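*Asks:* Per the working numbering, the very first residue in the sequence shown carries number 5; after that it's consecutive.
Take a look at the following structure, please.
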Amino acid sequence: MGFAHNNVLHNNHFRKDWQRRVRTWFDQPGRKLRRRNARKAKATTLGVRPLTLLRPAVRAQTVRYNRKVREGRGFTLTELKEAGIGRKEARSFGIVVDHRRTNLSEEGKKVNVERLKAYKAKLIVFPRKAGKPKKGDSTGDDLTATTTRQNLTVADVYTPEAPRKITQEERDFKAYRTLRDARSNARYDGVRKIRAAKKEEEEANKKK
């Protein structure tokens, strides 16, 4: 290690007691087994209930990832209303409710309403007292039907289009020009309306 010119002298600390501060992870296999056993114990206590809660199908954020469909936090109050399920009732059925989320498209709302309806059609609500079923409880053959503990999966709503030739109309279509014109029309719409109204008023005054 050489020294030259008027620089600061090195003061390297090479004699640290690093062996004393090493983070070990020898309990990883034991913890893994413990977590697995805890999941099994929880599953047995749930009885015939689904292992996971029902969540909505939502688009991932940003332009980069919004082609992907994933599970969201909870269903909106609008989706629950259209499916005919109350917000308090939904929580008792294992449906997650998110009062802050809003629907930005009719297509997304429709997908989740159908998801709720499909879940409700498959749902079996066992009465607390076998001889006294309450309103909304399942009765008859539904109680002896086979049950599954797997929840509804999130299906991708996108259907890929078969390859085809580009038409002449599509070749002639100028996407960028169309977007700029639409933007310009939206921007100057108010000004143009005011201008047209003023012109009509002036013409009406001339006739008088």
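Positions of the beta carbon are idealized from the N, C-alpha and C atoms, including for glycine.
A quick note: this is a predicted structure, and the numbers were derived from the prediction, not measured.
Would Ala-87 and Lys-121 be called neighbours here (beta carbons separated by less than 8 Å)?
*Replies:* For the purposes of this step, residue 87 is taken as residue 83 along the sequence shown, with counting starting at 1. For the purposes of this step, residue 121 is taken as residue 117 along the sequence shown, with counting starting at 1. Closer than 8 Å, so yes.
*Asks:* In the DSSP assignment, what residue or residues form a beta bridge with Leu-1?
*Replies:* Beyond the ends of the chain as shown, which are 5 and 212, falls residue 1; an answer cannot be given.
*Asks:* Looking only at its own chain, which residues have a Cβ that is under 7 Å from the Cβ of Leu-127, when we skip the five neighbours before and after it?
*Replies:* The sequence position of residue 127 within the sequence shown is 123, counting from 1. Excluding positions up to five away in sequence, the list reads Phe-97.
*Asks:* Excluding five sequence neighbours on each side, which residues of the same chain lie with their C-beta closer than 7 Å to the C-beta of Arg-74?
*Replies:* Translated into the one-based positions of the sequence shown, residue 74 becomes position 70. For Arg-74, where only same-chain residues beyond five positions count, the Cβ hits under 7 Å are Val-62, Ala-64, Val-158.
*Asks:* My guess is that Lys-113 and Thr-151 are in contact by the Cβ rule of under 8 Å, so how many angstroms apart are they, rounded?
*Replies:* As a working note, residue 113 is residue 109 in the sequence shown. As a working note, residue 151 is residue 147 in the sequence shown. The C-beta distance from Lys-113 to Thr-151 rounds to 29 Å, too long to meet the 8 Å contact threshold.
*Asks:* In its own chain, which residues sit with a C-beta less than 7 Å from the C-beta of Thr-171, not counting the 5 before and 5 after it?
*Replies:* In the sequence shown, the residue the question calls residue 171 occupies position 167. The answer is none, since no qualifying residue turns up.
*Asks:* Please classify Asn-116: is it buried, with 16 or more other beta-carbons within 10 angstroms of its beta-carbon, or exposed?
*Replies:* Numbered from 1 along the sequence shown, position 112 holds the residue referred to as residue 116. It is buried - the Cβ of Asn-116 has at least 16 other Cβ atoms within 10 Å.
*Asks:* Just to confirm my understanding: we take Glu-132, look at its own chain, exclude 5 residues before and 5 after, and list those with CB closer than 8 Å. What are they?
*Replies:* Indexing the sequence shown from 1 puts residue 132 at position 128. Here the sequence assigns Arg to residue 132, which means Glu is not the residue at that position. Same-chain partners within the cutoff: Lys-138.
*Asks:* Is DSSP giving Arg-19 helix, strand or coil here?
*Replies:* Position 15 of the sequence shown, counting from 1, holds the residue named residue 19. Looking at Arg-19 - three-state DSSP - the assignment turns out to be coil, as it is neither helix nor strand.
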